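In this note's numbering, the protein residues as written are 528 to 1069.
Built from N, CA and C at the ideal position, the CB exists for glycine as well.
Only a predicted model underlies this, so the values are computations on that prediction, with no experimental measurement involved.
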(Lines of atoms letter the chains of each structure in order from A and count residues from 1; the text may use other names and numbers.)
(Lines give C-alpha, C1' and ligand atoms only; values in the text may rest on other atoms or scores of the structure.)
Protein backbone atom coordinates (compact mmCIF):
# COMPACT_ATOMS: atom_id res chain seq x y z
CA UNK A 1 0.00 0.00 0.00
CA UNK A 2 2.73 2.39 -1.02
CA UNK A 3 0.35 4.85 -2.62
CA UNK A 4 -1.77 5.05 0.47
CA UNK A 5 1.12 5.36 2.88
CA UNK A 6 2.80 8.07 0.87
CA UNK A 7 -0.23 10.28 1.00
CA UNK A 8 -1.04 10.33 4.66
CA UNK A 9 -3.84 11.55 6.81
CA UNK A 10 -5.36 14.85 5.91
CA UNK A 11 -3.58 16.89 8.13
CA UNK A 12 -5.91 19.28 8.09
CA UNK A 13 -5.01 22.90 7.80
CA UNK A 14 -4.58 25.83 9.89
CA UNK A 15 -7.81 27.52 10.78
CA UNK A 16 -9.66 27.58 7.68
CA UNK A 17 -8.62 26.27 4.52
CA UNK A 18 -8.89 22.76 3.80
CA UNK A 19 -6.91 22.20 0.80
CA UNK A 20 -4.10 20.07 0.11
CA UNK A 21 -3.38 16.61 1.41
CA UNK A 22 -5.35 13.50 0.70
CA UNK A 23 -6.63 11.40 3.51
CA UNK A 24 -5.99 7.88 2.50
CA UNK A 25 -2.67 9.45 2.60
CA UNK A 26 -2.46 13.14 2.85
CA UNK A 27 -0.04 15.30 1.12
CA UNK A 28 -1.62 18.40 2.44
CA UNK A 29 -5.14 19.44 2.54
CA UNK A 30 -3.92 22.31 4.52
CA UNK A 31 -2.55 22.18 7.91
CA UNK A 32 -3.70 21.40 11.32
CA UNK A 33 -4.34 23.34 14.42
CA UNK A 34 -3.23 21.23 17.26
CA UNK A 35 -3.17 21.68 21.00
CA UNK A 36 -0.34 24.04 21.79
CA UNK A 37 1.78 24.32 24.91
CA UNK A 38 0.05 26.70 27.29
CA UNK A 39 1.91 29.34 29.25
CA UNK A 40 0.55 30.92 32.42
CA UNK A 41 -2.23 33.32 31.61
CA UNK A 42 -1.61 37.03 31.79
CA UNK A 43 -4.12 39.38 33.42
CA UNK A 44 -6.69 41.01 31.12
CA UNK A 45 -4.87 44.34 31.21
CA UNK A 46 -1.70 42.71 29.92
CA UNK A 47 -3.71 40.92 27.28
CA UNK A 48 -5.21 44.18 26.11
CA UNK A 49 -1.70 45.53 25.65
CA UNK A 50 -0.78 42.31 23.88
CA UNK A 51 -3.68 42.70 21.49
CA UNK A 52 -2.51 46.13 20.43
CA UNK A 53 0.27 46.89 17.98
CA UNK A 54 0.99 44.08 15.57
CA UNK A 55 -2.37 42.41 16.19
CA UNK A 56 -3.94 45.67 15.08
CA UNK A 57 -1.81 45.50 11.95
CA UNK A 58 -2.97 41.95 11.31
CA UNK A 59 -6.61 42.96 11.73
CA UNK A 60 -6.18 45.96 9.43
CA UNK A 61 -4.59 43.78 6.77
CA UNK A 62 -7.54 41.40 7.14
CA UNK A 63 -10.02 44.23 6.64
CA UNK A 64 -8.35 45.83 3.62
CA UNK A 65 -10.98 46.76 1.05
CA UNK A 66 -8.65 45.71 -1.77
CA UNK A 67 -8.81 41.90 -1.92
CA UNK A 68 -5.23 41.75 -3.28
CA UNK A 69 -3.93 43.51 -0.16
CA UNK A 70 -5.69 41.17 2.27
CA UNK A 71 -4.49 37.76 3.30
CA UNK A 72 -5.22 35.50 0.36
CA UNK A 73 -6.11 32.53 2.54
CA UNK A 74 -6.67 31.59 6.14
CA UNK A 75 -3.36 29.77 5.92
CA UNK A 76 -1.54 33.07 5.29
CA UNK A 77 -3.36 34.61 8.25
CA UNK A 78 -2.41 31.66 10.44
CA UNK A 79 1.23 31.94 9.37
CA UNK A 80 1.31 35.60 10.40
CA UNK A 81 -0.29 34.64 13.71
CA UNK A 82 2.43 32.03 14.09
CA UNK A 83 5.09 34.66 13.44
CA UNK A 84 3.53 36.85 16.10
CA UNK A 85 3.55 34.03 18.65
CA UNK A 86 7.15 33.15 17.79
CA UNK A 87 8.21 36.78 18.20
CA UNK A 88 9.09 37.02 14.53
CA UNK A 89 8.20 40.01 12.34
CA UNK A 90 4.68 39.74 10.97
CA UNK A 91 4.00 40.50 7.33
CA UNK A 92 1.29 42.94 8.35
CA UNK A 93 3.71 45.00 10.44
CA UNK A 94 5.99 47.83 9.39
CA UNK A 95 9.36 46.40 8.30
CA UNK A 96 11.43 48.86 10.36
CA UNK A 97 14.84 47.85 11.69
CA UNK A 98 13.87 48.66 15.28
CA UNK A 99 10.75 46.50 15.00
CA UNK A 100 12.66 43.50 13.66
CA UNK A 101 15.40 43.87 16.27
CA UNK A 102 12.84 44.05 19.08
CA UNK A 103 11.21 40.87 17.81
CA UNK A 104 14.58 39.10 17.68
CA UNK A 105 15.39 40.08 21.28
CA UNK A 106 11.99 38.97 22.56
CA UNK A 107 12.17 35.70 20.65
CA UNK A 108 15.22 34.69 22.63
CA UNK A 109 13.88 35.68 26.04
CA UNK A 110 11.56 32.69 26.29
CA UNK A 111 7.87 32.16 25.58
CA UNK A 112 5.31 34.91 25.96
CA UNK A 113 3.43 34.77 29.21
CA UNK A 114 0.13 35.37 27.49
CA UNK A 115 0.97 33.43 24.35
CA UNK A 116 -1.64 30.76 24.83
CA UNK A 117 -4.51 33.19 25.27
CA UNK A 118 -3.35 35.21 22.31
CA UNK A 119 -3.60 32.06 20.21
CA UNK A 120 -7.09 31.51 21.47
CA UNK A 121 -8.03 35.12 20.92
CA UNK A 122 -6.86 35.01 17.35
CA UNK A 123 -8.46 31.69 16.57
CA UNK A 124 -11.85 32.98 17.67
CA UNK A 125 -11.71 36.74 17.42
CA UNK A 126 -10.03 37.09 14.06
CA UNK A 127 -12.46 34.79 12.34
CA UNK A 128 -13.84 37.70 10.37
CA UNK A 129 -10.43 38.10 8.81
CA UNK A 130 -10.56 34.89 6.86
CA UNK A 131 -10.24 35.88 3.23
CA UNK A 132 -11.71 39.31 3.95
CA UNK A 133 -15.26 38.15 4.38
CA UNK A 134 -16.42 41.37 5.94
CA UNK A 135 -16.99 43.74 3.07
CA UNK A 136 -16.43 47.46 3.18
CA UNK A 137 -19.94 48.42 4.21
CA UNK A 138 -19.91 46.00 7.10
CA UNK A 139 -16.36 46.41 8.28
CA UNK A 140 -16.70 48.86 11.15
CA UNK A 141 -19.77 47.40 12.82
CA UNK A 142 -18.75 43.79 12.21
CA UNK A 143 -15.25 44.35 13.52
CA UNK A 144 -16.66 45.95 16.66
CA UNK A 145 -19.00 43.02 17.26
CA UNK A 146 -16.20 40.51 16.72
CA UNK A 147 -13.84 42.34 19.07
CA UNK A 148 -16.54 42.52 21.75
CA UNK A 149 -17.22 38.81 21.35
CA UNK A 150 -13.51 38.14 21.76
CA UNK A 151 -13.13 40.36 24.81
CA UNK A 152 -16.05 38.70 26.56
CA UNK A 153 -14.40 35.32 26.14
CA UNK A 154 -10.98 36.44 27.32
CA UNK A 155 -11.80 38.84 30.14
CA UNK A 156 -14.94 37.38 31.68
CA UNK A 157 -14.85 37.91 35.43
CA UNK A 158 -16.77 34.69 35.98
CA UNK A 159 -14.14 31.99 36.60
CA UNK A 160 -16.55 29.41 35.24
CA UNK A 161 -16.83 31.25 31.93
CA UNK A 162 -13.60 33.17 31.39
CA UNK A 163 -10.39 31.55 30.11
CA UNK A 164 -8.07 30.55 32.93
CA UNK A 165 -4.42 29.56 33.14
CA UNK A 166 -3.85 26.19 31.51
CA UNK A 167 -6.77 26.57 29.13
CA UNK A 168 -6.55 24.61 25.89
CA UNK A 169 -7.51 25.73 22.43
CA UNK A 170 -10.32 23.21 22.46
CA UNK A 171 -11.74 24.72 25.65
CA UNK A 172 -11.64 28.15 24.05
CA UNK A 173 -13.39 26.85 20.96
CA UNK A 174 -16.00 25.12 23.09
CA UNK A 175 -16.61 28.32 25.03
CA UNK A 176 -16.97 30.31 21.82
CA UNK A 177 -19.39 27.67 20.50
CA UNK A 178 -21.55 27.89 23.60
CA UNK A 179 -21.72 31.68 23.41
CA UNK A 180 -22.63 31.55 19.73
CA UNK A 181 -25.37 29.01 20.35
CA UNK A 182 -26.76 31.26 23.09
CA UNK A 183 -27.06 34.12 20.62
CA UNK A 184 -23.95 36.18 21.38
CA UNK A 185 -23.85 37.39 17.77
CA UNK A 186 -27.53 37.20 16.98
CA UNK A 187 -28.46 39.83 14.43
CA UNK A 188 -25.00 40.05 12.83
CA UNK A 189 -25.02 37.19 10.35
CA UNK A 190 -21.77 38.28 8.70
CA UNK A 191 -19.71 38.05 11.87
CA UNK A 192 -21.45 34.89 13.04
CA UNK A 193 -20.90 33.22 9.67
CA UNK A 194 -17.18 33.94 9.61
CA UNK A 195 -16.64 32.92 13.22
CA UNK A 196 -18.61 29.71 12.72
CA UNK A 197 -16.54 28.92 9.66
CA UNK A 198 -13.35 29.42 11.63
CA UNK A 199 -14.61 27.27 14.50
CA UNK A 200 -15.69 24.53 12.11
CA UNK A 201 -12.42 24.55 10.20
CA UNK A 202 -10.36 24.57 13.40
CA UNK A 203 -12.32 21.70 14.93
CA UNK A 204 -11.83 19.81 11.67
CA UNK A 205 -8.09 20.49 11.75
CA UNK A 206 -7.98 19.02 15.25
CA UNK A 207 -9.83 15.91 14.10
CA UNK A 208 -13.00 16.82 16.05
CA UNK A 209 -15.34 16.21 13.14
CA UNK A 210 -18.56 15.93 15.13
CA UNK A 211 -17.95 19.42 16.54
CA UNK A 212 -16.93 20.85 13.16
CA UNK A 213 -20.03 19.77 11.27
CA UNK A 214 -22.72 21.97 12.90
CA UNK A 215 -20.58 25.11 12.56
CA UNK A 216 -19.85 24.55 8.88
CA UNK A 217 -23.46 23.64 8.17
CA UNK A 218 -24.65 26.82 9.88
CA UNK A 219 -22.04 28.85 8.01
CA UNK A 220 -23.39 27.39 4.79
CA UNK A 221 -26.81 28.82 5.68
CA UNK A 222 -25.50 32.23 6.75
CA UNK A 223 -22.96 33.03 4.04
CA UNK A 224 -25.39 32.97 1.11
CA UNK A 225 -27.78 35.20 3.09
CA UNK A 226 -25.08 37.80 3.68
CA UNK A 227 -23.03 37.63 0.51
CA UNK A 228 -25.30 35.92 -2.00
CA UNK A 229 -25.90 32.36 -3.20
CA UNK A 230 -23.27 32.66 -5.93
CA UNK A 231 -20.67 34.73 -4.09
CA UNK A 232 -17.06 33.64 -3.82
CA UNK A 233 -17.59 33.39 -0.06
CA UNK A 234 -20.44 30.92 -0.51
CA UNK A 235 -18.27 28.84 -2.83
CA UNK A 236 -15.50 28.75 -0.25
CA UNK A 237 -17.84 27.43 2.43
CA UNK A 238 -19.11 24.72 0.07
CA UNK A 239 -15.46 23.75 -0.38
CA UNK A 240 -15.02 23.61 3.41
CA UNK A 241 -18.01 21.32 3.74
CA UNK A 242 -16.63 19.10 0.98
CA UNK A 243 -13.36 18.84 2.83
CA UNK A 244 -15.13 17.81 6.02
CA UNK A 245 -17.06 15.12 4.17
CA UNK A 246 -13.90 13.87 2.46
CA UNK A 247 -12.04 13.64 5.74
CA UNK A 248 -14.99 11.72 7.16
CA UNK A 249 -14.76 9.32 4.22
CA UNK A 250 -18.18 10.35 2.84
CA UNK A 251 -17.02 10.63 -0.76
CA UNK A 252 -20.43 11.05 -2.44
CA UNK A 253 -21.30 14.01 -0.21
CA UNK A 254 -17.82 15.47 -0.68
CA UNK A 255 -18.20 15.21 -4.45
CA UNK A 256 -21.50 17.12 -4.39
CA UNK A 257 -20.03 19.88 -2.23
CA UNK A 258 -16.85 20.30 -4.28
CA UNK A 259 -18.73 20.42 -7.58
CA UNK A 260 -21.09 23.02 -6.15
CA UNK A 261 -18.10 25.09 -5.03
CA UNK A 262 -16.53 24.85 -8.48
CA UNK A 263 -19.78 25.85 -10.16
CA UNK A 264 -20.04 28.98 -8.00
CA UNK A 265 -16.37 29.91 -8.37
CA UNK A 266 -16.13 29.35 -12.14
CA UNK A 267 -17.03 32.93 -13.22
CA UNK A 268 -14.43 34.47 -10.89
CA UNK A 269 -10.83 35.15 -11.94
CA UNK A 270 -8.05 32.79 -10.82
CA UNK A 271 -7.57 32.90 -7.06
CA UNK A 272 -6.16 30.91 -4.18
CA UNK A 273 -9.71 29.91 -3.27
CA UNK A 274 -10.34 28.43 -6.71
CA UNK A 275 -7.01 26.61 -6.55
CA UNK A 276 -7.97 25.17 -3.20
CA UNK A 277 -11.21 23.74 -4.51
CA UNK A 278 -9.40 22.19 -7.49
CA UNK A 279 -6.83 20.80 -5.08
CA UNK A 280 -9.42 19.22 -2.83
CA UNK A 281 -11.41 17.74 -5.68
CA UNK A 282 -8.12 16.29 -6.92
CA UNK A 283 -7.63 14.60 -3.57
CA UNK A 284 -11.10 13.13 -3.81
CA UNK A 285 -10.49 11.85 -7.34
CA UNK A 286 -7.29 10.26 -6.12
CA UNK A 287 -9.17 8.52 -3.32
CA UNK A 288 -11.67 7.26 -5.89
CA UNK A 289 -8.91 5.84 -8.08
CA UNK A 290 -9.49 8.36 -10.88
CA UNK A 291 -5.82 9.22 -11.07
CA UNK A 292 -5.65 10.95 -14.46
CA UNK A 293 -8.34 13.38 -13.34
CA UNK A 294 -6.53 13.85 -10.04
CA UNK A 295 -3.26 14.78 -11.74
CA UNK A 296 -5.02 17.23 -14.04
CA UNK A 297 -6.82 18.91 -11.13
CA UNK A 298 -3.67 19.17 -9.04
CA UNK A 299 -1.74 20.63 -11.97
CA UNK A 300 -4.48 23.23 -12.50
CA UNK A 301 -4.29 24.12 -8.81
CA UNK A 302 -0.50 24.46 -8.99
CA UNK A 303 -0.66 26.68 -12.08
CA UNK A 304 -3.14 29.03 -10.41
CA UNK A 305 -1.13 29.17 -7.20
CA UNK A 306 2.04 30.10 -9.08
CA UNK A 307 0.17 32.72 -11.11
CA UNK A 308 -1.42 34.32 -8.07
CA UNK A 309 1.30 33.97 -5.43
CA UNK A 310 4.57 33.16 -7.17
CA UNK A 311 6.75 30.06 -7.19
CA UNK A 312 7.81 29.90 -3.54
CA UNK A 313 5.05 29.80 -0.93
CA UNK A 314 3.06 27.37 1.19
CA UNK A 315 0.32 26.90 -1.39
CA UNK A 316 2.82 25.83 -4.06
CA UNK A 317 4.51 23.48 -1.58
CA UNK A 318 1.14 21.89 -0.92
CA UNK A 319 0.59 21.35 -4.63
CA UNK A 320 3.99 19.68 -4.97
CA UNK A 321 3.15 17.26 -2.18
CA UNK A 322 -0.26 16.43 -3.59
CA UNK A 323 1.14 15.92 -7.07
CA UNK A 324 3.74 13.60 -5.57
CA UNK A 325 1.00 11.68 -3.82
CA UNK A 326 -1.03 11.00 -6.93
CA UNK A 327 2.12 10.17 -8.92
CA UNK A 328 2.86 7.49 -6.32
CA UNK A 329 -0.63 6.10 -6.90
CA UNK A 330 0.18 5.91 -10.61
CA UNK A 331 3.51 4.17 -10.04
CA UNK A 332 5.56 7.15 -11.24
CA UNK A 333 7.89 7.00 -8.26
CA UNK A 334 10.87 8.96 -9.59
CA UNK A 335 8.64 11.92 -10.44
CA UNK A 336 6.91 11.59 -7.09
CA UNK A 337 10.22 11.71 -5.24
CA UNK A 338 11.16 14.92 -7.06
CA UNK A 339 7.87 16.56 -6.05
CA UNK A 340 8.21 15.44 -2.42
CA UNK A 341 11.77 16.78 -2.20
CA UNK A 342 10.75 20.10 -3.74
CA UNK A 343 7.94 20.36 -1.21
CA UNK A 344 10.17 19.38 1.71
CA UNK A 345 12.91 21.88 0.85
CA UNK A 346 10.38 24.67 0.37
CA UNK A 347 8.59 23.94 3.63
CA UNK A 348 11.81 23.81 5.65
CA UNK A 349 12.83 27.18 4.21
CA UNK A 350 9.41 28.75 4.76
CA UNK A 351 8.68 27.24 8.15
CA UNK A 352 11.08 25.36 10.43
CA UNK A 353 12.36 21.78 10.46
CA UNK A 354 10.15 21.18 13.50
CA UNK A 355 6.82 22.14 11.91
CA UNK A 356 4.11 19.49 11.52
CA UNK A 357 3.74 20.28 7.81
CA UNK A 358 7.41 19.45 7.33
CA UNK A 359 6.81 16.20 9.22
CA UNK A 360 3.88 15.37 6.95
CA UNK A 361 6.09 15.67 3.86
CA UNK A 362 8.91 13.72 5.51
CA UNK A 363 6.53 10.80 6.05
CA UNK A 364 5.49 10.83 2.40
CA UNK A 365 9.10 10.76 1.29
CA UNK A 366 10.09 8.19 3.92
CA UNK A 367 7.65 5.52 2.82
CA UNK A 368 8.57 6.08 -0.82
CA UNK A 369 12.28 5.68 -0.07
CA UNK A 370 11.59 2.65 2.09
CA UNK A 371 9.86 0.82 -0.74
CA UNK A 372 12.79 1.67 -3.00
CA UNK A 373 15.24 0.15 -0.53
CA UNK A 374 16.77 3.38 0.77
CA UNK A 375 16.08 2.35 4.34
CA UNK A 376 18.57 4.49 6.24
CA UNK A 377 17.22 7.80 4.94
CA UNK A 378 13.67 6.48 5.20
CA UNK A 379 14.16 5.57 8.87
CA UNK A 380 15.75 8.93 9.67
CA UNK A 381 12.93 10.87 8.04
CA UNK A 382 10.19 8.79 9.65
CA UNK A 383 11.56 8.93 13.19
CA UNK A 384 12.06 12.70 13.01
CA UNK A 385 8.59 13.18 11.58
CA UNK A 386 6.95 11.11 14.30
CA UNK A 387 8.73 13.07 17.04
CA UNK A 388 7.58 16.39 15.57
CA UNK A 389 4.04 15.13 14.98
CA UNK A 390 3.69 13.88 18.55
CA UNK A 391 5.01 17.16 19.96
CA UNK A 392 2.90 19.46 17.79
CA UNK A 393 -0.30 17.52 17.18
CA UNK A 394 -0.32 15.18 20.14
CA UNK A 395 -0.05 11.39 20.49
CA UNK A 396 -3.74 10.80 19.75
CA UNK A 397 -3.98 12.76 16.48
CA UNK A 398 -4.81 10.76 13.35
CA UNK A 399 -1.55 11.91 11.79
CA UNK A 400 0.30 9.95 14.46
CA UNK A 401 -1.45 6.86 13.15
CA UNK A 402 0.00 7.58 9.75
CA UNK A 403 3.51 8.09 11.12
CA UNK A 404 3.46 4.90 13.17
CA UNK A 405 2.25 2.94 10.16
CA UNK A 406 5.00 4.36 7.96
CA UNK A 407 7.68 3.48 10.50
CA UNK A 408 6.14 0.04 10.91
CA UNK A 409 6.53 -0.60 7.19
CA UNK A 410 10.16 0.54 7.31
CA UNK A 411 10.83 -1.77 10.27
CA UNK A 412 9.21 -4.60 8.31
CA UNK A 413 11.51 -3.94 5.35
CA UNK A 414 14.48 -3.88 7.74
CA UNK A 415 13.51 -7.30 9.05
CA UNK A 416 12.73 -5.97 12.54
CA UNK A 417 9.41 -7.77 12.55
CA UNK A 418 8.48 -7.64 16.23
CA UNK A 419 8.85 -3.86 16.21
CA UNK A 420 6.90 -3.65 12.97
CA UNK A 421 3.96 -5.56 14.40
CA UNK A 422 3.83 -3.36 17.48
CA UNK A 423 3.89 -0.20 15.35
CA UNK A 424 1.14 -1.46 13.04
CA UNK A 425 -1.07 -2.21 16.06
CA UNK A 426 -0.39 1.20 17.59
CA UNK A 427 -1.21 2.86 14.28
CA UNK A 428 -4.55 1.06 14.17
CA UNK A 429 -5.33 1.95 17.79
CA UNK A 430 -4.66 5.66 17.20
CA UNK A 431 -6.75 5.80 14.05
CA UNK A 432 -9.66 3.96 15.63
CA UNK A 433 -9.66 6.49 18.43
CA UNK A 434 -9.20 9.56 16.23
CA UNK A 435 -11.42 8.74 13.25
CA UNK A 436 -15.04 7.69 12.77
CA UNK A 437 -15.80 4.01 12.26
CA UNK A 438 -15.38 2.88 8.68
CA UNK A 439 -12.93 5.64 7.77
CA UNK A 440 -10.59 4.79 4.86
CA UNK A 441 -7.53 5.52 7.02
CA UNK A 442 -8.61 2.80 9.44
CA UNK A 443 -8.62 0.42 6.48
CA UNK A 444 -5.00 1.41 5.77
CA UNK A 445 -3.92 0.36 9.26
CA UNK A 446 -6.04 -2.80 9.16
CA UNK A 447 -4.46 -3.80 5.87
CA UNK A 448 -0.93 -3.11 7.12
CA UNK A 449 -1.52 -5.19 10.23
CA UNK A 450 -3.28 -7.99 8.36
CA UNK A 451 -0.58 -8.21 5.68
CA UNK A 452 2.10 -8.32 8.37
CA UNK A 453 0.29 -11.15 10.17
CA UNK A 454 -0.02 -13.12 6.93
CA UNK A 455 3.73 -12.87 6.37
CA UNK A 456 4.22 -14.26 9.88
CA UNK A 457 1.76 -17.10 9.16
CA UNK A 458 -0.67 -15.89 11.83
CA UNK A 459 -3.61 -16.43 9.51
CA UNK A 460 -6.28 -16.64 12.20
CA UNK A 461 -5.38 -13.14 13.43
CA UNK A 462 -4.92 -11.74 9.94
CA UNK A 463 -8.32 -12.80 8.61
CA UNK A 464 -10.57 -10.47 10.68
CA UNK A 465 -8.29 -7.47 10.09
CA UNK A 466 -8.23 -8.04 6.34
CA UNK A 467 -11.97 -8.69 6.13
CA UNK A 468 -12.69 -5.40 7.86
CA UNK A 469 -10.21 -3.57 5.64
CA UNK A 470 -11.81 -5.05 2.53
CA UNK A 471 -15.30 -4.18 3.76
CA UNK A 472 -14.33 -0.54 4.32
CA UNK A 473 -12.57 -0.23 0.99
CA UNK A 474 -15.43 -1.77 -0.94
CA UNK A 475 -17.79 0.69 0.73
CA UNK A 476 -15.61 3.77 0.18
CA UNK A 477 -13.70 3.21 -3.06
CA UNK A 478 -14.79 2.76 -6.65
CA UNK A 479 -15.14 -0.84 -7.89
CA UNK A 480 -11.85 -2.15 -9.26
CA UNK A 481 -9.72 0.26 -7.22
CA UNK A 482 -6.25 -1.31 -6.78
CA UNK A 483 -6.51 -1.08 -2.99
CA UNK A 484 -9.64 -3.23 -3.04
CA UNK A 485 -8.03 -5.91 -5.19
CA UNK A 486 -4.74 -5.97 -3.27
CA UNK A 487 -6.62 -6.38 0.00
CA UNK A 488 -8.76 -9.15 -1.48
CA UNK A 489 -5.66 -10.96 -2.69
CA UNK A 490 -3.93 -10.85 0.70
CA UNK A 491 -7.16 -11.97 2.38
CA UNK A 492 -7.23 -14.85 -0.06
CA UNK A 493 -3.73 -15.85 1.02
CA UNK A 494 -4.81 -15.88 4.66
CA UNK A 495 -7.79 -18.08 3.78
CA UNK A 496 -5.50 -20.54 2.01
CA UNK A 497 -3.51 -20.77 5.23
CA UNK A 498 -6.73 -21.49 7.11
CA UNK A 499 -7.84 -24.14 4.64
CA UNK A 500 -10.81 -22.11 3.33
CA UNK A 501 -9.90 -22.88 -0.25
CA UNK A 502 -13.18 -22.26 -2.08
CA UNK A 503 -13.52 -18.68 -0.85
CA UNK A 504 -9.79 -18.14 -1.32
CA UNK A 505 -10.00 -19.29 -4.95
CA UNK A 506 -12.71 -16.76 -5.77
CA UNK A 507 -10.84 -13.90 -4.13
CA UNK A 508 -7.46 -14.75 -5.63
CA UNK A 509 -8.70 -15.31 -9.17
CA UNK A 510 -10.93 -12.25 -9.15
CA UNK A 511 -8.31 -9.91 -7.72
CA UNK A 512 -5.62 -11.08 -10.14
CA UNK A 513 -7.88 -10.48 -13.13
CA UNK A 514 -8.80 -7.03 -11.84
CA UNK A 515 -5.18 -6.06 -11.20
CA UNK A 516 -4.13 -7.20 -14.67
CA UNK A 517 -6.77 -4.98 -16.24
CA UNK A 518 -6.00 -1.94 -14.09
CA UNK A 519 -3.36 0.35 -15.63
CA UNK A 520 -2.38 1.69 -12.21
CA UNK A 521 -1.57 -1.62 -10.55
CA UNK A 522 2.17 -2.26 -10.37
CA UNK A 523 4.05 -5.22 -11.77
CA UNK A 524 5.04 -6.20 -8.24
CA UNK A 525 1.42 -6.27 -7.10
CA UNK A 526 0.35 -8.34 -10.11
CA UNK A 527 3.25 -10.74 -9.59
CA UNK A 528 2.41 -11.26 -5.93
CA UNK A 529 -1.25 -11.87 -6.77
CA UNK A 530 -0.25 -14.44 -9.38
CA UNK A 531 2.07 -16.20 -6.91
CA UNK A 532 -0.77 -16.47 -4.40
CA UNK A 533 -3.01 -18.11 -6.97
CA UNK A 534 -0.20 -20.51 -7.89
CA UNK A 535 0.28 -21.36 -4.23
CA UNK A 536 -3.42 -22.20 -4.01
CA UNK A 537 -3.11 -24.55 -6.97
CA UNK A 538 -0.45 -26.53 -5.09
CA UNK A 539 -2.38 -26.62 -1.83
CA UNK A 540 -4.10 -29.97 -1.16
CA UNK A 541 -7.78 -29.95 -0.29
CA UNK A 542 -8.38 -30.29 3.47
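From what residue to what residue does the alpha helix (DSSP H) around residue i run?
i	result
residue 759	759 to 774
residue 795	Per DSSP, residue 795 belongs to no alpha helix (DSSP H) and is neither H nor E.
residue 832	818 to 836
residue 1001	986 to 1003
residue 962	Here residue 962 belongs to no alpha helix (DSSP H), and DSSP marks it neither H nor E.
residue 1052	1050 to 1064
Going along the chain, which residues of its own chain have a beta-carbon closer than 7 Å to the beta-carbon of residue i, five neighbours each way excluded?
i	result
residue 947	935, 938, 939 and 979
residue 989	977, 980, 981 and 1021
residue 811	773, 778, 781, 782 and 785
residue 1062	1023
residue 726	700, 703, 704 and 742
residue 888	848, 867, 870, 871 and 874
CB-CB under 6 Å to residue i, same chain, minus the five flanking residues each way: which ones, in chain order?
i	result
residue 982	none
residue 738	730
residue 931	950, 953 and 954
residue 995	973
residue 869	847
residue 975	932 and 951
residue 795	759
residue 1064	none
Could you say which of the options lies nearest to residue i if we only look at CA atoms?
i	options	result
residue 813	837, 782, 791 and 789	782
residue 917	910, 909 and 927	927
residue 955	984, 943, 925 and 945	925
residue 919	879, 1012 and 1002	879
residue 803	768, 815 and 776	768
residue 1010	888, 881 and 972	972
residue 835	822, 865, 798 and 854	798
residue 1060	766, 908, 1043 and 1035	1035
residue 966	865, 991 and 999	999
residue 764	749, 895 and 776	749
residue 913	898, 929 and 902	929
residue 964	776, 1027, 816 and 1004	776
residue 715	851, 968 and 746	746
residue 1031	1016, 1043 and 941	1016
residue 1055	1026, 1069, 1029 and 1018	1018
residue 821	850, 891, 1012 and 698	850
Please classify residue i: does DSSP put it in a helix, a strand, or coil?
i	result
residue 928	helix
residue 878	coil
residue 940	helix
residue 697	helix
residue 712	coil
residue 1027	coil
residue 733	coil
residue 873	helix
residue 920	helix
residue 859	coil
residue 945	helix
residue 956	helix
residue 885	helix
residue 725	helix
residue 742	helix
residue 891	helix
residue 804	helix
residue 756	coil
residue 1045	coil
residue 848	helix
residue 841	helix
residue 865	helix
residue 1069	coil
residue 1007	coil
residue 935	helix
residue 815	coil
Starting from the C-beta of residue i, find all residues in its chain whose C-beta is less than 8 Å away, skip the five residues before and the five after it, and write them out in chain order.
i	result
residue 805	789, 824, 825, 827, 828 and 831
residue 833	843
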